[in-house]
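Chains as they are written, first to last, in the working numbering: chain A, 13 to 413; chain B, 5 to 708. First up is the structure itself, then whatever we jot down about it.
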Amino acid sequence: MPEAYIYDSLRTPRGRGKSRGALYEVKPMDLLAAAVRALRQRTALPPEELDDAVIGCVTPIGDQGYNIAKAALLHAGWGNSVSGMQVNRYCASGLEAINLAAMKVRSGWEELVLAGGVESMSRIPIGSDGGPLMYDPELITRANSIPQGVSADLIATLEGFSREELDACAYHSHQRARHAWENGYFNRSIIPIYDRNGLLILDKDEHIRPNTTLDALSKLPPAFASAGWEGFDEMALHAFPELEGIRHLHTAGNSSGIVDGAALALVGSKEKGEALGLKPRARILAAATVSVDPTLMLTGPAPAARKALKQAGMKSGDVDLWECNEAFASVVLKFRREMEVDDAIINVNGGAIAMGHPLGATGAMLLGTLLDEMERQDKATGLVTLCVGGGMGVATVIERV
Amino acid sequence: MIRYKKDTNNIVTLTLDMSGRSTNVINHEIAEAFVPVIAHLKEEKAKGQLRGVILTSAKKAFLAGGDLEYLYQANDPEEIFRFAEKLKGILRELESPGIPVVAAINGAALGTGFEVALACHHRIALSSSRVRLGFPEVQLGLMPGSGGIIRLMWLLGIGKSFPILTSGLRYSPSEAMQLGLVDEIADSPREMMDLAKAWLLQNKEGRRPWDRPGCSIPGGTAQDREMAHHIRQLAARLASQGHNNYPALQSILNVLAEGSKVDFDTACRIESRYYTELLRSPACKNMIKAFWFDLNFIKQGGNRPKGFGKFRPRKVGVIGAGRMGSGIAFACLDNGLEVVLKDVSKPIAERGRDYVRRKLNEMLAEGKKKPEEAEELLSRIQTTESSKDFENCDLVIEAVFENRLVKQKVTREAEEYLDEYSLLASNTVSIPITRLAEASVRPENYVGLHFFPPAEEVPLVEIVRGEQTSEETVARAFDFVRAIRKTPIVVKDDWGFYAARVQNTYILEGITMLQEGYPPALIENLGRQAGMPRGALAFADNLGLNMVLKYENQAAEHYGAKYVQHPAVAVLAKMLEDLQRQGKQRRGGFYEYPPEGEPFLWPELARHFPATQRNFDKQELSNRFLFAQVLEAVWCMQERVIHSVAAANLGSIHGWGFPAFKGGVIQFITDYGVDDFIRQCKTYQKLHGQRFRVPRELKMFVEQ
Chain A
13 MPEAYIYDSL
23 RTPRGRGKSR
33 GALYEVKPMD
43 LLAAAVRALR
53 QRTALPPEEL
63 DDAVIGCVTP
73 IGDQGYNIAK
83 AALLHAGWGN
93 SVSGMQVNRY
103 CASGLEAINL
113 AAMKVRSGWE
123 ELVLAGGVES
133 MSRIPIGSDG
143 GPLMYDPELI
153 TRANSIPQGV
163 SADLIATLEG
173 FSREELDACA
183 YHSHQRARHA
193 WENGYFNRSI
203 IPIYDRNGLL
213 ILDKDEHIRP
223 NTTLDALSKL
233 PPAFASAGWE
243 GFDEMALHAF
253 PELEGIRHLH
263 TAGNSSGIVD
273 GAALALVGSK
283 EKGEALGLKP
293 RARILAAATV
303 SVDPTLMLTG
313 PAPAARKALK
323 QAGMKSGDVD
333 LWECNEAFAS
343 VVLKFRREME
353 VDDAIINVNG
363 GAIAMGHPLG
373 ATGAMLLGTL
383 LDEMERQDKA
393 TGLVTLCVGG
403 GMGVATVIER
413 V
Chain B
5 MIRYKKDTNN
15 IVTLTLDMSG
25 RSTNVINHEI
35 AEAFVPVIAH
45 LKEEKAKGQL
55 RGVILTSAKK
65 AFLAGGDLEY
75 LYQANDPEEI
85 FRFAEKLKGI
95 LRELESPGIP
105 VVAAINGAAL
115 GTGFEVALAC
125 HHRIALSSSR
135 VRLGFPEVQL
145 GLMPGSGGII
155 RLMWLLGIGK
165 SFPILTSGLR
175 YSPSEAMQLG
185 LVDEIADSPR
195 EMMDLAKAWL
205 LQNKEGRRPW
215 DRPGCSIPGG
225 TAQDREMAHH
235 IRQLAARLAS
245 QGHNNYPALQ
255 SILNVLAEGS
265 KVDFDTACRI
275 ESRYYTELLR
285 SPACKNMIKA
295 FWFDLNFIKQ
305 GGNRPKGFGK
315 FRPRKVGVIG
325 AGRMGSGIAF
335 ACLDNGLEVV
345 LKDVSKPIAE
355 RGRDYVRRKL
365 NEMLAEGKKK
375 PEEAEELLSR
385 IQTTESSKDF
395 ENCDLVIEAV
405 FENRLVKQKV
415 TREAEEYLDE
425 YSLLASNTVS
435 IPITRLAEAS
445 VRPENYVGLH
455 FFPPAEEVPL
465 VEIVRGEQTS
475 EETVARAFDF
485 VRAIRKTPIV
495 VKDDWGFYAA
505 RVQNTYILEG
515 ITMLQEGYPP
525 ALIENLGRQA
535 GMPRGALAFA
545 DNLGLNMVLK
555 YENQAAEHYG
565 AKYVQHPAVA
575 VLAKMLEDLQ
585 RQGKQRRGGF
595 YEYPPEGEPF
605 LWPELARHFP
615 ATQRNFDKQE
625 LSNRFLFAQV
635 LEAVWCMQER
645 VIHSVAAANL
655 GSIHGWGFPA
665 FKGGVIQFIT
675 DYGVDDFIRQ
685 CKTYQKLHGQ
695 RFRVPRELKM
705 FVEQ
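Structure follows, in structure tokens:
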């Protein structure tokens with residue numbers, strides 16, 4: 013069976029996902045096209061060598077609807093010879109795209125695939141595509157499908173996390189992101205966004221608050237208490253009747269930020285890379301998805317990681333560096349507890365709490381961040397995982413070559 | 005059936021007049037009758053001999069709801085669906101552009117009756133206290149199925165329709181006008197017909213919004229982000245309030261959400277499919293049984309001693325201006341009676357008036373009462389410190405604290421001023437009426453009237469028949485309870501009577517689970533999710549743990565050597581004696597009661613009753629809660645504490661909040677399947693002990 017290798021990985025900076033955010037003026041298609049153009053430049057790749065492009069996007073309507081992958085390829089001048097598709101695995105879409113690319117390559121039917129994701133949350137807010145899992149009253153009730161923030165609070169309640177622990181997790185995310193930026197750890201992979209005249213719009217993650225303090229974080233009000241009181245707490249108790257109530261501990265400060273951004277990776281077979289003179293950076297050892305309780309929703313990372321590690325024939329202790337998406341602080345704390353991962357080797361350069369979570373792109377960004385850091389620290393293996401809406405999890409294991 | 009009359013303006017008046025019935029209802033018969041009428045109207049229209057149609061009624065009701073006998077029996081999905089679609093087809097033909105139709109609503113138009121009115125192009129309501137409009141069927145676990153949900157949605161939008169469809173409220177003509185349910189109000193029947201004709205002379209072609217190109221649902225559809233979000237919130241609220249036990253409300257929301265996204269006719273078909281599913285659901289059948297058949301049995305005096313003329317109380321005396329007495333006073337005042345409220349001193353008696361006033365202010369704020377109504381109501385209460393003011397009272401109810409001697413003293417004083425036709429009633433929970441009546445000069449006129457707190461809200465009253473209470477007194481007490489629009493059930497003068505005795509088994513079962521090592525939150529949540537209004541431990545705290553234990557001790561006394569101690573007794577003893585936790589009144593029981601904020605489970609419970617049961621079978625625990633109550637109710641039937649299935653069922657729902665969607669304690673067995681129920685009890689008896697033993701006569705009660 014052919015092996016799948018990662019040849020390149022890059023991302024845009026993340027702009028605040030509001031109308032005041034720097035990337036609000038940029039069409040999502042431009043974000044993705046900028047990444048495509050950069051990759052073309054860096055690899056000098058003849059487009060006809062690519063078999064396909066798989067792009068994650070969670071709210072694929074309007075400016076990012078009707079297959080944003082094909083649109084961005086055409087926009088970047090690659091469309092004549094490269095086909096493209098859009099996929100949706102909610103928050104793990106970007107990683108799922110890379111996993112699908114790896115599966116394509118390992119099947120032997122394709123040899124070189126572009127994969128990644130894009131999301132402009134400032135333009136297309138989460139949930140604006142409707143959908144039964146969010147809005148069908150029959151299904152919401154049947155599945156006890158509650159807002160993600162309430163699920164995060166439910167996890168914190170079940171695990172007994174304190175507000176202080178969650179805020180500390182958020183504080184470290186900002187500190188680590190600040191440190192990584194100050195020391196240029198992201199430089200290799202960041203694609204600045206320019207306007208049509210070549211004028212710079214954004215070259216740094218905009219969401220980080222390098223000077224935030226634990227004190228400031230502790231003063232933020234709970235963000236999901238009112239949704240809870242509307243009835244979603246009681247729905248959570250339908251699924252978890254052993255609880256007296258839901259403790260609302262997540263705030264805007266210890267939850268992931270709403271941002272815009274895009275990311276890409278180039279995945280191919282060994283032979284194809286050699287033929288094109290590309291240098292492989294890592295091999296994809298395993299890729300897994302799992303389904304978990306839909307009300308808890310965000311506990312997929314641990315079982316997904318276990319499933320992927322089993323595929324790779326590895327143990328938790330064999331992993332040198334970890335990335336677990338900081339959708340909410342409780343997700344990471346729960347993952348660390350369950351997998352017994354030391355804080356020193358997970359999310360070492362911060363995560364989505366500090367830098368933001370551009371839904372469809374995040375998975376590809378995390379993989380790139382992990383790979384860069386593995387090279388910097390000269391580590392061999394890494395695992396990246398994300399929790400997923402509806403109660404799913406995705407994980408990928410890579411090894412440097 | 006449908007009278008047809010045409011005037012010189014070529015306006016046809018169709019008058020609904022069902023033969024052999026006191027009211028017009030929607031059934032197969034009337035549906036069939038419409039078919040030739042509509043065909044004939046079309047012919048007339050084609051010949052140019054028809055201007056328009058007025059639909060009105062010859063009965064007191066314009067058109068009451070569906071035929072509940074049919075709805076209760078119907079079970080074949082094909083048949084239910086076809087009949088719903090047929091009725092829809094008829095109404096659709098009536099409203100299709102062509103012949104304009106006016107509903108001249110001269111009586112109640114409720115449920116399906118209101119759906120027919122909604123299918124007319126114009127609605128004129130007669131201003132009369134007889135005219136009420138709305139969708140009360142949710143109270144019977146039903147939903148509109150003749151296009152009513154879809155038409156209302158198109159007329160008012162999803163946001164405004166939802167509360168009208170799910171509250172079960174009946175609106176007066178002026179309220180209906182404000183809500184947009186009718187177009188005009190007429191002051192007299194004659195004006196109503198004149199307005200109808202005038203409208204028809206001005207409107208050649210009736211065309212509903214949904215038959216007009218480019219027309220849309222006001223406020224948007226479930227496709228729109230804001231409406232989608234609103235629907236999501238409504239879904240969460242419904243799920244959290246009803247714990248997914250009441251499918252009617254959820255079906256209505258689903259139909260609104262789904263129906264808003266498709267064209268009118270498709271939406272109507274979706275409504276029929278949900279309607280068919282709902283009509284076949286156990287919850288719907290159980291609620292029709294309880295709130296139609298059982299309630300009618302009670303209302304028609306099913307357990308009232310026969311042969312005594314109707315008692316029409318006018319003036320009621322109440323002794324004791326505490327919460328109970330004040331609540332009883334309010335219930336009487338609110339139903340047009342005069343009240344004399346007595347306590348040891350006039351200022352203390354005045355507290356009762358304050359209570360009534362506070363209650364009225366709440367109702368004024370909520371728009372449930374008008375200022376002049378409140379004023380009039382308050383004018384009918386008199387406070388006093390003297391029993392002399394009980395002269396002319398038809399009935400005096402004693403509601404002082406639970407002490408036999410005090411109760412006997414105050415009733416003796418009152419008796420001095422009562423004549424031999426007046427009733428004397430005692431509101432007690434734990435003292436036998438027979439004992440209390442011993443001090444009375446007219447024990448045959450002495451009866452127990454057991455109200456439940458808050459007395460103005462809880463719809464049940466137990467009528468306790470003492471040994472010497474006369475049949476006539478029971479009949480009169482029954483009529484009094486009906487006069488204040490509550491549900492009377494006649495019970496034997498035995499420990500705990502009916503409601504408190506059965507309710508206690510729910511409490512004891514919950515306490516037992518605590519002893520077994522289930523986490524207290526689980527006990528409380530599963531109780532509520534099973535459909536009880538509160539958790540068992542919260543119930544215990546409200547009642548006071550002493551009282552819970554007292555009832556069980558009375559059971560022990562009652563059964564003597566046959567009594568097997570309930571496992572909860574040890575827990576109660578530990579709570580009361582070792583831990584000094586007596587309940588809500590002492591601000592500490594199974595819960596903590598902080599001076600401000602919500603009560604929460606006493607954290608120390610975890611130490612005294614360690615949660616050892618990590619895994620739990622949700623269904624089994626829910627079953628135990630309900631089975632315990634059901635079995636105790638059957639014992640009450642067998643011991644003749646209560647005398648009819650209807651009283652047992654309604655008493656359980658109206659008295660302590662046994663789940664309405666189960667139809668009450670005895671209907672629970674029918675719904676579960678009597679043989680399955682008995683089998684399950686045997687299993688529980690093995691696992692949990694004697695208290696799940698099946699009473700000998702159970703099967704007979706269920707099958708009667």
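All C-beta atoms, glycine included, are put in the ideal place defined by N, C-alpha and C.
Applying the 10 Å Cβ sphere with the 16-neighbour rule, what's the burial state of Thr-687 of chain B?
The residue given as residue 687 of chain B occupies position 683 in the second sequence. Classification of Thr-687 of chain B: exposed, given that the 10 Å Cβ count is below 16.
What residues of chain A sit near Lys-724 of chain B, judged by a beta carbon separation below 9 Å?
With chain B running from 5 to 708 in the structure shown, residue 724 of chain B is simply not present.
Would you kindly work out how many angstroms separate the C-alpha atoms of Phe-455 of chain B and Asn-431 of chain B, rounded to a whole number?
Within the second sequence, the letter at position 451 stands for residue 455 of chain B. Within the second sequence, the letter at position 427 stands for residue 431 of chain B. Each residue's alpha carbon lies about 7 Å from the other.
At least 3 beta-carbon pairs within less than 8 Å: the region 28 to 46 of chain A vs the region 123 to 138 of chain A
Contact holds: three or more Cβ-Cβ distances are below 8 Å.
So, is the C-beta of His-247 of chain B closer than 8 Å to a C-beta in chain A?
Walking along the second sequence from the start, residue 247 of chain B turns up at place 243. Closer than 8 Å: yes.
Could you tell me the distance, in whole angstroms, from the CA atom of Asp-20 of chain A to the CA atom of Val-266 of chain B?
On the first sequence, position 8 is the one that residue 20 of chain A refers to. On the second sequence, position 262 is the one that residue 266 of chain B refers to. Near 48 Å, if we compare the C-alpha coordinates of Val-266 of chain B and Asp-20 of chain A.
State the DSSP-derived secondary structure class of Lys-490 of chain B, mapped to helix, strand or coil.
As a working note, residue 490 of chain B is residue 486 in the second sequence. Correct three-state label for Lys-490 of chain B: coil.
When burial is assigned at 16 or more other CB atoms within 10 Å of the CB, is Phe-484 of chain B buried or exposed?
The sequence position of residue 484 of chain B within the second sequence is 480, counting from 1. Buried, by the Cβ-count rule.
Do Gly-69 of chain B and Ile-30 of chain B come within 8 Å of each other at the CB atom, strictly closer than that value?
Position 26 of the second sequence, counted from the start, is the residue given in the question as residue 30 of chain B. Position 65 of the second sequence, counted from the start, is the residue given in the question as residue 69 of chain B. The answer is yes: Cβ separation under 8 Å.
Less than 8 Å between CB atoms is the rule here; does Arg-236 of chain B satisfy it with respect to chain A?
The count along the second sequence starts at 1 and reaches residue 236 of chain B at position 232. Yes, because at least one Cβ of chain A sits closer than 8 Å to the Cβ of Arg-236 of chain B.
Report the CB separation of Pro-699 of chain B from Leu-630 of chain B in whole angstroms; it is logged as a contact under 8 Å.
Working through the second sequence from its first residue, we reach residue 699 of chain B at position 695. Working through the second sequence from its first residue, we reach residue 630 of chain B at position 626. Rounded to whole angstroms, the Cβ separation of Pro-699 of chain B and Leu-630 of chain B is 16 Å, and the two are not in contact under 8 Å.
Residue range of the unbroken alpha helix (DSSP H) whose run includes Ile-221 of chain B
Your numbering for residue 221 of chain B matches position 217 in the second sequence. Run containing Ile-221 of chain B: none; DSSP gives neither H nor E here.
Within 10 angstroms of the Cβ of Met-39 of chain B, are there 16 or more other Cβ atoms? Answer buried if so, exposed if not.
If you number the second sequence from 1, residue 39 of chain B lands on position 35. Looking at the sequence shown, residue 39 of chain B is not Met but Val. Val-39 of chain B comes out exposed.
Beta-carbon gap between Ala-376 of chain A and Leu-276 of chain A smaller than 8 Å
Taking the first sequence and counting its residues from 1, one reaches residue 376 of chain A at position 364. Taking the first sequence and counting its residues from 1, one reaches residue 276 of chain A at position 264. Yes.
Contacts that Asp-244 of chain A makes with chain B (C-beta to C-beta distance below 8 Å)
Taking the first residue of the first sequence as 1, we reach residue 244 of chain A at position 232. In the sequence as displayed, the identity of residue 244 of chain A is Phe instead of Asp. In chain order: Ala-240 and Ser-244.
Quick check on Glu-218 of chain A: buried or exposed, where buried means 16 or more other Cβ atoms within 10 Å of its Cβ?
Against the first sequence, residue 218 of chain A aligns to sequence position 206. So Glu-218 of chain A counts as buried.
Can you check whether the CB of Leu-549 of chain B is closer than 8 Å to the CB of Val-573 of chain B?
Taking the second sequence and counting its residues from 1, one reaches residue 573 of chain B at position 569. Taking the second sequence and counting its residues from 1, one reaches residue 549 of chain B at position 545. Not a contact, by the Cβ cut-off of 8 Å.
Please state if the CB of Lys-90 of chain B and the CB of Ala-35 of chain B are separated by a distance shorter than 8 Å.
Locating residue 35 of chain B in the second sequence gives position 31, where the first residue counts as 1. Locating residue 90 of chain B in the second sequence gives position 86, where the first residue counts as 1. Yes, these two residues count as a Cβ contact at 8 Å.
Does the region 309 to 323 of chain B come into contact with the region 388 to 400 of chain B, if we say contact requires no fewer than three beta-carbon pairs (one atom in each stretch) closer than 8 Å?
yes
Delimiting residues of the alpha helix (DSSP H) encompassing Leu-170 of chain A
Counting from 1 along the first sequence, the entry for residue 170 of chain A is found at position 158. Taken as a continuous stretch (DSSP letters only), the alpha helix (DSSP H) holding Leu-170 of chain A covers 160 to 171.
Contacting residues, own chain, Cβ-Cβ under 8 Å from Leu-364 of chain B (five flanking each side not counted)
Numbered from 1 along the second sequence, position 360 holds the residue referred to as residue 364 of chain B. So the list reads Lys-373, Ala-378, Leu-381 and Leu-382, once near-sequence residues are dropped.
Determine, for Phe-604 of chain B, whether the minimum Cβ-Cβ distance to residues of chain A falls below 8 Å.
As a first step, residue 604 of chain B is located in the second sequence; it is residue number 600 there, counting from the start. Closer than 8 Å to some Cβ of chain A, the Cβ of Phe-604 of chain B qualifies, so yes.
Determine, using beta carbons only, whether Pro-523 of chain B comes closer than 8 Å to chain A.
Position 519 of the second sequence, counting from 1, holds the residue named residue 523 of chain B. At least one chain A Cβ lies under 8 Å of Pro-523 of chain B.
State the DSSP-derived secondary structure class of Pro-167 of chain B, mapped to helix, strand or coil.
The residue labelled residue 167 of chain B in the question sits at position 163 within the second sequence. Looking at Pro-167 of chain B - three-state DSSP - the assignment turns out to be helix.
Which residues, taken in chain order from the region 77 to 110 of chain B, show a beta carbon closer than 8 Å to some beta carbon of chain A?
none
For Met-551 of chain B, which beta-bridge partners are listed by DSSP?
In the second sequence, residue 551 of chain B corresponds to position 547, counting from 1. Looking at the DSSP output, Met-551 of chain B bridges to nothing.
Determine the contact status of Thr-438 of chain B and Gln-633 of chain B, defining contact as a CB-CB distance below 8 Å.
Along the second sequence, one-based indexing puts residue 438 of chain B at 434. Along the second sequence, one-based indexing puts residue 633 of chain B at 629. Against a cut-off of 8 Å, the Cβ pair of Gln-633 of chain B and Thr-438 of chain B comes out as no contact.
Over the uninterrupted alpha helix (DSSP H) stretch that includes Lys-391 of chain A, give me the two end residues.
Your numbering for residue 391 of chain A matches position 379 in the first sequence. No alpha helix (DSSP H) contains Lys-391 of chain A, which DSSP labels as neither H nor E.
Asp-545 of chain B, DSSP secondary structure in three states
As a first step, residue 545 of chain B is located in the second sequence; it is residue number 541 there, counting from the start. Reduced to three states, the DSSP call for Asp-545 of chain B is helix.
Could you name the residues of chain A that Leu-530 of chain B contacts, counting a contact when the two beta carbons are closer than 8 Å?
Here residue 530 of chain B refers to the residue found at position 526 when the second sequence is read from its first residue. Here the neighbours are Pro-253.
Could you please give the first and the last residue of the uninterrupted alpha helix (DSSP H) stretch that includes Lys-116 of chain A?
Residue mapping note: residue 116 of chain A aligns to position 104 of the first sequence, counting from 1. Run containing Lys-116 of chain A: 105 to 119, per the alpha helix (DSSP H) assignment.
Write down every uninterrupted run of the alpha helix (DSSP H) in the region 253 to 316 of chain A whose length is 4 residues or greater and which is fully enclosed by it, in chain order.
282 to 288
Taking C-beta pairs closer than 8 Å, name the residues in chain A that Gln-254 of chain B reaches, listed in chain order.
On the second sequence, position 250 is the one that residue 254 of chain B refers to. Chain A residues near Gln-254 of chain B: Pro-149, Glu-150 and Thr-153.
Return the CA-CA distance between Lys-164 of chain B and Ala-240 of chain B, expressed in angstroms with no decimal places.
As a first step, residue 164 of chain B is located in the second sequence; it is residue number 160 there, counting from the start. As a first step, residue 240 of chain B is located in the second sequence; it is residue number 236 there, counting from the start. So the two alpha carbons sit approximately 18 Å from each other.
Which residue spans inside the region 240 to 310 of chain B form an unbroken alpha helix (DSSP H) run of at least 4?
251 to 263, 268 to 283, 286 to 292 and 299 to 303
Going by C-alpha distance, which of A:Phe-236, A:Ser-185 and A:Ala-364 is nearest Ile-158 of chain A?
Within the first sequence, numbered from 1, the residue matching residue 158 of chain A stands at position 146. Of the listed residues, the one whose Cα sits closest to Ile-158 of chain A is A:Phe-236.
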